[in-house]
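Protein chains in written order, with our numbering: chain H, -19 to 206; chain Y, -19 to 206.
Number of protein chains: 2
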Amino acid sequence: MKIAIFGGTGPQGQGLACRFAKAGVAVALGSRDGVRAAAIAAELNQKLAVYPGAAQIEGHENVAAVHAADEIVMLAVPYSGHDAALEQLKPHLGGKILVDLVVPLAPDNPKAVAMPPEGSATEAAQALLGQTTAVVGALHNVSAHTLNHLEQAINCDILVCGNELAASEKVMELISRLDVATYYCGPASAARCLEAITPILIRLNISKKVPFSHAGIRIWAPGSVA
Amino acid sequence: MKIAIFGGTGPQGQGLACRFAKAGVAVALGSRDGVRAAAIAAELNQKLAVYPGAAQIEGHENVAAVHAADEIVMLAVPYSGHDAALEQLKPHLGGKILVDLVVPLAPDNPKAVAMPPEGSATEAAQALLGQTTAVVGALHNVSAHTLNHLEQAINCDILVCGNELAASEKVMELISRLDVATYYCGPASAARCLEAITPILIRLNISKKVPFSHAGIRIWAPGSVA
């Protein structure tokens, strides 16, 4: 199995690449600059050398990374590049699932979202790619810091949404390889909530009133265990 | 200290009344029917008799309950009655803080929200009451079942939002008497997220895929404890 991460050379993309590779999932790491992607992939593979079962991370130009993936393409660009990236991706997806991780943070305020007219980034992606492409929103709320500290368990739950249940379940199965609980939260419109959780966590992290600095979210209930 | 719960005779209002009274906070429980409110208050006081430090719950007609509160009035009506309740409340608030618990669930689908044009119920309340009234959104995501099982700890966190930080902090201080963690999540617009968490939890509760039936949400991070 090989996934692609479009715009994967930032902290979030690198962290995800390492987590998936560590779990045995090969990763095609995409960047506008394929040479840079290859150099970063080499670094990450070196970091992963201490994990015997780790799969390989390859570096590619973004579109080449999409072609290298067998079924799942993750979009990890900043929100300012969200729509342009989707336009570039669109002719190359060929039935693959697009996993949208992007949070539309307000340009000058990471403690707030500025949602697009469609309601959320995931819905905007669905509108742009058309109804025949499966778009799944996921992984908005896990911090890059958490992802990159491979020696620590990911301690938050992963909330997932998408109009196609089967595609959403495929993505949840993939993500659950990272030893996290995943929850299906409904159609793409649920991304209005899921994406908006991130600036709340950023606010808590910035505030001095919580005893931690890389908050995530968990589903909790009577009888559930830590 | 005495709080009011407008529309407090439903399961959520009763559960909150019991929790606050158990914590030593007197409650003026409001209903359209003051006689019914008094009868329910008597029942709840009986239920609370096993807790030595419990404060009294009084039953009142809704507007009388608002007048009985010294500073904080909670609104616990179904969404269909949200705006009408606020119109009725408005002339009687007199500088008190309005805590909006209401979730705009879609009329025929409790697994989705149907947000008002203002963006959320909390923002609609703020618009309706005017900027000089402090409106705080809170307690959307704790289930009535959890509230009413007094022998169990409330096991979820309480996410709070509001344009006035000082009023929000007053409400957080009150809620923290229930032995729960409270987090300030930003201005009233954060209610677009907080209110929308509830139908996601309802979806999880309805689904057979989670091992529990009264889910809540928690903030979680490296180093935090259960």
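Glycine included, each C-beta is placed from N, C-alpha and C at the ideal position.
Only a predicted model underlies this, so the values are computations on that prediction, with no experimental measurement involved.
Collapsing the DSSP output to three states places Gly61 of chain H in a helix. The secondary-structure analysis by DSSP pairs Ser11 of chain H across a beta bridge with H:Glu41. Taken in chain order, the whole beta strand (DSSP E) runs of length 3 or more contained in the stretch 62 to 89 of chain Y are 77 to 80. A straight-line Cα-Cα distance of about 14 Å links Val160 of chain H and Glu149 of chain H. Gly117 of chain H is positioned such that its CB atom lies no closer than 8 Å to that of Leu55 of chain H. In the three-state reduction of the DSSP assignment, Thr178 of chain H falls in the helix class.
Cα atoms of Val140 of chain Y and Lys76 of chain H: separation of roughly 39 Å, rounded to the nearest angstrom. Counting only the Cα atoms, Ser123 of chain Y lies some 12 Å from Trp200 of chain H.
Counting every other CB atom within 10 Å of its CB across the protein chains shown gives Ala22 of chain H a total below 16, marking it as exposed.
With fewer than 16 other Cβ atoms inside 10 Å of its own Cβ, Val30 of chain Y counts as exposed. In the three-state scheme derived from DSSP, where H, G and I count as helix and E and B as strand, Leu130 of chain Y is classed as coil.
For Ala101 of chain Y, the enclosing alpha helix (DSSP H) stretches over residues Ala101 to Leu109.
A distance below 7 Å between beta-carbons, with the five flanking residues on each side excluded, links Tyr163 of chain Y to the following residues of its chain, in chain order: Asp137, Leu139, Val140 and Ile199.
Look at Asn135 of chain Y: its C-beta is under 8 Å from a C-beta on chain H. In summary, Gln(-8) of chain Y is buried, with 16 or more beta-carbon neighbours lying within 10 Å of its beta-carbon over all protein chains present. The DSSP-derived three-state label of Cys136 of chain Y is coil.
Leu174 of chain Y is positioned such that its CB atom lies closer than 8 Å to that of His120 of chain Y.
Boundaries of the alpha helix (DSSP H) around Ala1 of chain H: Pro(-9) to Lys2.
For Arg198 of chain Y, at least one C-beta of chain H is nearer than 8 Å to its own C-beta. Of the candidates H:Asp13, H:Leu109 and H:Ala64, H:Asp13 places its Cα closest to the Cα of Ala44 of chain H.
In this structure, Gly142 of chain H lies near Ala114 of chain H, with their beta-carbon atoms less than 8 Å apart. Residue-level contact check: Lys91 of chain H touches chain Y, since one or more beta carbons of chain Y fall below 8 Å from its beta carbon. Its Cα nearest to that of Leu81 of chain H, the residue H:Val57 stands out among H:Asn89, H:Leu69, H:Val57 and H:Arg(-1). Within the stretch 167 to 190 of chain H, contact with chain Y at the beta-carbon level (separation under 9 Å) is assigned to Pro167, Ser169, Ala170, Arg172, Cys173, Leu174, Glu175, Ala176, Ile177, Pro179, Ile180, Leu181, Arg183, Leu184, Asn185, Ser187, Lys189 and Val190. A residue is called buried when at least 16 other Cβ atoms come within 10 angstroms of its Cβ; Gln111 of chain Y does not meet this threshold and is exposed.
Nearest C-alpha to Ala8 of chain H among H:Thr126, H:His47 and H:Gly(-5): H:His47.
Straight through space, the alpha carbons of Asn135 of chain H and His40 of chain Y are spaced by roughly 46 Å. Listed in chain order, the non-local C-beta contacts of Pro179 of chain Y below 7 Å within the same chain comprise Leu85, Pro90, Lys91, Ala92 and Val93, local neighbours out to five positions each way being set aside.
In this structure, the straight-line span from the alpha carbon of Ser156 of chain Y to that of Ala3 of chain Y is close to 10 Å. Excluding residues up to 5 positions away in sequence, Pro84 and Ala104 lie with their Cβ nearer than 7 Å to the Cβ of Pro96 of chain H in the same chain. The distance from the Cβ of Leu181 of chain H to that of Arg(-1) of chain H is about 18 Å, inconsistent with a contact at the 8 Å cut-off. In the same chain as Arg16 of chain H, and ignoring 5 residues on each side of it, the C-beta atoms closer than 8 Å to its own belong to Thr(-11) and Gly39, in chain order. At a cut-off of 8 Å between beta carbons, Cys165 of chain H contacts chain Y. Listed in chain order, the non-local C-beta contacts of Ala176 of chain Y below 6 Å within the same chain comprise Val93, local neighbours out to five positions each way being set aside. In this structure, Ala35 of chain Y sits near Ala6 of chain Y, with a CB-CB distance shorter than 8 Å.
Counting along the chain, the unbroken alpha helix (DSSP H) around Ala146 of chain H starts and ends at Leu145 to Ser156.
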